[in-house]
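A.B. asks: In UniProt numbering, the protein residues as written are 1 to 371.
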DNA sequence: GAAACGTGGCC
DNA sequence: TGGCCAAGTTT
């Protein structure tokens, strides 16, 4: 009797597939912190933190957030700068901004009670189809399939789906198949088990098919093409950018010139010193001369560039940034606005409470160039 | 609906 | 090194 899925036998085989998978999961599951609760707030927080993020990287942040904001009301009362500071280093900062926005909506519209209606959950900022399904199934045991990267990979192999899974068409098809396969009587366990399988055995590079609890159902395993799947669309490579930062400090008054990044570019909501972007990295000697001659900086008294760092290269998902930090001193006035309302002189003590991109925390720590 | 959004780890 | 991947969402 064969166990490979085909359109006509999906119903009959799904129950056996679910049983094998769930028995395996009960034996091998990892006791992750967010698996020990059904509090929708904690589930929600963990899911947002883990979007495109490894468990090892996200776990400390999860504990920090639960400790700092034990309830939705606590989170909803927070300042955006505070939330971003706690999120500092985790990346994809719109997640933090949207988390706060959504907490405010849940407080104001739902009296701090997390909604259980799929459409209402999906409307919350930062919650898409995956996260909505995760919250509803893990917190309330509702039968929505969690289709994340792990599950997509498992599904693509089980059904030997050979087109790109990340095209519009591919996503639709994977979602359809995942929804056909879900165990409607045990969605919480089933979804966890599918994700665990993708995370531990049905991994991208070297899938452990001999150990797989559902290998008999898997068409890719049967065909010997598991490690060729899933297929994905080609990616664009990172664009180069060149940043020259000028960190102006008043050493007497312990002030620092900073601005909050706004607009559509990277790192929205995070802080930075003066940034000049160019088409290639400047030669430091020339650049320092330019700065000290620049008429835009005339309003900054006693400006003197004292040193600079080596170039720091920082890779983002779609950008490759080559940056240098110039260290300068000047005479500043606390809370005064400089350079067309953009930059503000902030106490260094207070600046420590603001969020900076990793590139800048790296540059701040970097020694001066020897020449 | 393709492209953008961070960071860290692996080979 | 450069590319890929990681519990995706937004525009």
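The beta carbon of each residue, even a glycine, is placed where N, CA and C say it ideally should be. Predicted, not measured: the structure shown is a model, and the values here were computed from it.
Taking only the alpha-carbon atoms, compute the straight-line gap between residue 75 and residue 34 and give it to the nearest angstrom.
C.D. replies: 18 Å
A.B. asks: In whole angstroms, what is the alpha-carbon distance linking residue 320 and residue 166?
C.D. replies: 24 Å
A.B. asks: Suppose only complete runs of 3+ residues qualify. What are the beta strand (DSSP E) ranges in the stretch 164 to 252, listed by chain order?
C.D. replies: Annotation: the stretch 164 to 252 contains the following complete segments of the beta strand (DSSP E) (minimum length 3 residues), in chain order: 239 to 250.
A.B. asks: Is it right to say residue 221 is buried, meaning 16 or more other beta carbons lie within 10 angstroms of its own, or is it exposed?
C.D. replies: Classification for residue 221: buried.
A.B. asks: Quick one: give me the first and last residue of the alpha helix (DSSP H) that residue 120 is part of.
C.D. replies: 118 to 123
A.B. asks: Would you call residue 26 buried or exposed, if buried means 16 or more other Cβ atoms sit within 10 Å of its Cβ?
C.D. replies: exposed
A.B. asks: Residue 363 and residue 330 look like a contact to me (Cβ under 8 Å); what is the Cβ gap, rounded to whole Å?
C.D. replies: Taking a contact as a CB-CB distance under 8 Å, the pair residue 363 and residue 330 does not count as one, their CB atoms being some 19 Å apart.
A.B. asks: Can you find the residues in the same chain that come closer than 7 Å, C-beta to C-beta, to residue 357, ignoring five residues on each side of it along the sequence?
C.D. replies: 267, 270
A.B. asks: For residue 109, report the span of its alpha helix (DSSP H) as first-last.
C.D. replies: 94 to 110
A.B. asks: Could you give the distance in angstroms between the alpha-carbon of residue 126 and the alpha-carbon of residue 96?
C.D. replies: 9 Å
A.B. asks: Using CA atoms only, rank isn't needed, just tell me which of 85, 239, 147 is closest to residue 315.
C.D. replies: When each option's Cα is compared against that of residue 315, the closest is 239.
A.B. asks: List the endpoints of the continuous beta strand (DSSP E) containing residue 311.
C.D. replies: Note, residue 311: premise wrong, no beta strand (DSSP E); not H, not E.
A.B. asks: Please look up how many angstroms separate the CB atoms of residue 326 and residue 299, rounded, as I've assumed it's under 8 Å.
C.D. replies: That belief does not hold up - the Cβ atoms of residue 326 and residue 299 are roughly 18 Å apart, past 8 Å.
A.B. asks: Between the Cα of residue 201 and the Cα atoms of 151, 163, 248, which residue gives the shortest distance?
C.D. replies: 151
A.B. asks: According to DSSP, residue 339 sits in a beta bridge with which residue or residues?
C.D. replies: Answer is none; residue 339 lacks a bridge partner.
A.B. asks: Quick one: Cα of residue 2 to Cα of residue 216, how far?
C.D. replies: 8 Å
A.B. asks: With H, G and I counted as helix, E and B as strand and the rest as coil, what does DSSP make of residue 439?
C.D. replies: No answer is possible for residue 439: the residues shown for the chain start at 1 and end at 371.
A.B. asks: Using the Cβ count rule (16 or more neighbours within 10 Å means buried), how would you classify residue 192?
C.D. replies: buried
A.B. asks: Heavy atom of the ligand FMN less than 7 Å from the Cβ of residue 60, yes or no?
C.D. replies: Annotation note on the ligand FMN: not contained in the displayed structure, which lists no ligands.
A.B. asks: According to DSSP, residue 260 sits in a beta bridge with which residue or residues?
C.D. replies: 271
A.B. asks: Would you tell me roughly how many angstroms separate the C-alpha atoms of residue 294 and residue 236, rounded to the nearest one?
C.D. replies: Just so you know, the alpha carbons of residue 294 and residue 236 end up roughly 37 Å apart.
A.B. asks: In the DSSP assignment, what residue or residues form a beta bridge with residue 329?
C.D. replies: 249, 304
A.B. asks: Between residue 41 and residue 71, is the Cβ-Cβ spacing less than 8 Å?
C.D. replies: Yes, these two residues count as a Cβ contact at 8 Å.
A.B. asks: Output the boundary residues of the alpha helix (DSSP H) element that contains residue 133.
C.D. replies: Start and end: 129 to 140.
A.B. asks: Under 8 Å: do the stretch 178 to 198 and the stretch 129 to 141 share three or more Cβ pairs, one atom per stretch?
C.D. replies: yes
A.B. asks: Whose C-alpha, out of 194, 341, 61, 328, is nearest the C-alpha of residue 89?
C.D. replies: 61
A.B. asks: Take residue 116 and list the residues in its own chain whose beta-carbon comes closer than 6 Å to its own, dropping the five residues that flank it on each side.
C.D. replies: Taken in chain order, the residues that qualify are 140.
A.B. asks: Given this structure, state the Cα-to-Cα distance separating residue 99 from residue 78, to the nearest angstrom.
C.D. replies: 11 Å
A.B. asks: Among residues of its own chain, excluding the 5 on either side of residue 318, which ones have a beta-carbon nearer than 8 Å to its beta-carbon?
C.D. replies: 236, 238, 239
A.B. asks: Helix, strand or coil, according to DSSP, for residue 36 in the structure here?
C.D. replies: helix
A.B. asks: Given that a residue counts as buried once 16 or more other Cβ atoms are within 10 Å of its Cβ, and exposed if not, what is residue 31?
C.D. replies: exposed
A.B. asks: Which residues does DSSP list as the beta-bridge partners of residue 334?
C.D. replies: DSSP, once it has assigned bridges, lists no residue as partnering residue 334.
A.B. asks: In terms of alpha-carbon separation, which member of 252, 254, 251, 272 lies closest to residue 261?
C.D. replies: 272
A.B. asks: Mind checking who residue 317 pairs with in its DSSP beta bridge?
C.D. replies: According to DSSP, residue 317 bridges with nothing at all.
A.B. asks: Among 147, 160, 102, whose alpha-carbon lies nearest the alpha-carbon of residue 194?
C.D. replies: Measuring C-alpha to C-alpha distances from residue 194 to each of 147, 160, 102 identifies 147 as the nearest.
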